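Enquirer:
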Amino acid sequence: MSEASPLPLLLQLPACREQFVEQVARSFGNACHSYTSAARLQQQVALDALALLPATPQGHLLDVGCGPGWVHPRFSGYCHTFSAVDLSAGMLAKAASQQLATDYIQADAESLPLPSQSVDTVFSSLMLQWCQRPAAVLAEITRVLTPGGQLVLTTLVDGSLAELKRAFAALDNKQHVNHFLAVSDVIAAASTVSGVRWQFTERSYSLFYADVQSLARELKALGANKVAGRQSQGLTGKGYWQKLAAAYDAKRSAAGLPATYQVLLITGVKDGR
Ligand SMILES: C[S@@+](CC[C@H](N)C(=O)[O-])C[C@H]1O[C@@H](n2cnc3c(N)ncnc32)[C@H](O)[C@@H]1O
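So this note's numbering is basically just the index in the sequence shown, starting at one, shifted up by 76.
1. Across which residues does DSSP place I217 in a beta bridge pair?
2. DSSP beta-bridge partners for V198?
3. Put L298 into one of helix, strand or coil per three-state DSSP.
4. Any idea what DSSP makes of G332, helix, strand or coil?
5. Quick test of the definition: if touching needs 3 or more C-beta pairs under 8 Å, does the region 256–272 touch the region 150–157?
6. At a threshold of 7 Å, does F104 count as lining ligand 2 (C-beta to nearest heavy atom)?
7. Determine the contact status of L129 and Y337, defining contact as a CB-CB distance below 8 Å.
8. Starting from P343, follow its DSSP beta bridges and name the residues at the other end.
9. Assign F256 to one of three DSSP states: helix, strand, or coil.
10. Report the CB separation of K365 from G271 in whole angstroms; it is logged as a contact under 8 Å.
11. Give me, in chain order, the residues of the same chain whose beta-carbon lies closer than 6 Å to that of K170; leave out the 5 immediate sequence neighbours on both sides.
Structure, rendered in C-alpha cells:
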C-alpha cells in the first residue's frame, strides 16, 4: 500500500451542503468504471431489497441513487418501465449505456425533478447513507409515489465497519471511518413523513478480505473512500499501515479479515388507494 493510499470514508458534515453534494458526486463519478466489479456487498443488499417487492411487474419504478445500473436488467421482473436518478454524471452515463430506462436523470434525491404521484414504486439501495438529511429524502420519494405505491430502500447504519473502527482505535483517537446513522435516527426521520406505513428490518452482512489493504482498495474502487470534508488523517507511512494491519489481524478468521456491514432495509406503502 503506497503512502498516499486513501482510506475509508469519513463523513464530517461540511459547513456547506452544496460542497458536500459535489464531493459525493465527484467521488462516485471517479469510481464509475471500477464500481461494479467491487460491489460485492451492494449486489447482495440490492438483490435482497428487490426480493421485498411483489414478483409481478407493476407500473413505473424509480431507482434513486442508481450508480452504474448493474441491477437494471433485473427490473423487468418488477416493473414495466423505470427511470434512473443519480447525482453523479459518470455513474448515470454508465447506467445509460445499457439503454434500459426510459429516463436517466441527474438529480439530488432531496429534490427530484418529477411530478408528485408519478411513480408506482421507488427503489433505492445504499444511497441514503450518503444523504445529510434523510428525512428530506424520505419526504421527497414519498411525494413522487402514487397512492398505494411501494418503496424499498436500504442504508448502512451504525455498527458498519466496526472491526475497522476498532483497529483504528488501537492506533489513535481520530475518526477515520464514516459515522453511520443509528437505526433509531432513520426511524425517527421516517416518522416525520406521514401517510406511509413503514417497516424496518436490520441485517448484518460480513465480507472477508485477505488483508486490510484489500479492504481499503475495495472501498476506493467503490468511490466510498474520499467523501468528506477531511481526508485521511495522518494515514501516511508504512509503519502506520503495519500497525493498522496488526490491530485488525486480531479479528482474522479462517475465512480472512471480516468487515461487517449493518444494513437497514426499509419498506413502505403510501396510503390512499
Ligand atoms: C453506494 S452507491 C449505490 C449504487 C447502487 N444503488 C447500488 O446498489 O449499487 C451510491 C450511489 O448514490 C448516489 N448518490 C449519493 N447521494 C445522492 C443523492 N443525494 N441523490 C442522488 N444520488 C445520490 C451516488 O452518486 C452513487 O452512485
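For glycine and all other residues, C-beta sits at the position ideal for the given N, C-alpha and C.
Computed from a prediction, not measured in an experiment: that's the story for all the values here.
Expert: The structure says:
1. Paired residues: none, contrary to the question.
2. For V198, which the question treats as bridged, DSSP gives the partners L138 and L227.
3. Reduced to three states, the DSSP call for L298 is helix.
4. The three-state reading of DSSP puts G332 in strand, counting E and B together.
5. No, because fewer than three Cβ pairs between the region 256–272 and the region 150–157 fall closer than 8 Å, the two stretches do not touch.
6. As presented, the structure is devoid of ligand 2, carrying ligand 1 as its sole ligands.
7. Taking 8 Å as the Cβ cut-off, L129 and Y337 do not qualify as a contacting pair.
8. Going by the sequence as given, residue 343 is Thr instead of Pro. Looking at the DSSP assignment, T343 forms a beta bridge with V228 and Q275.
9. Coil, per DSSP.
10. As shown, the chain starts at 77 and ends at 349. That puts residue 365 outside it, with no answer to give.
11. Only residues of its own chain outside the window of five on either side were considered, and among them C108 and P144 have a CB closer than 6 Å to the CB of K170, listed in chain order.
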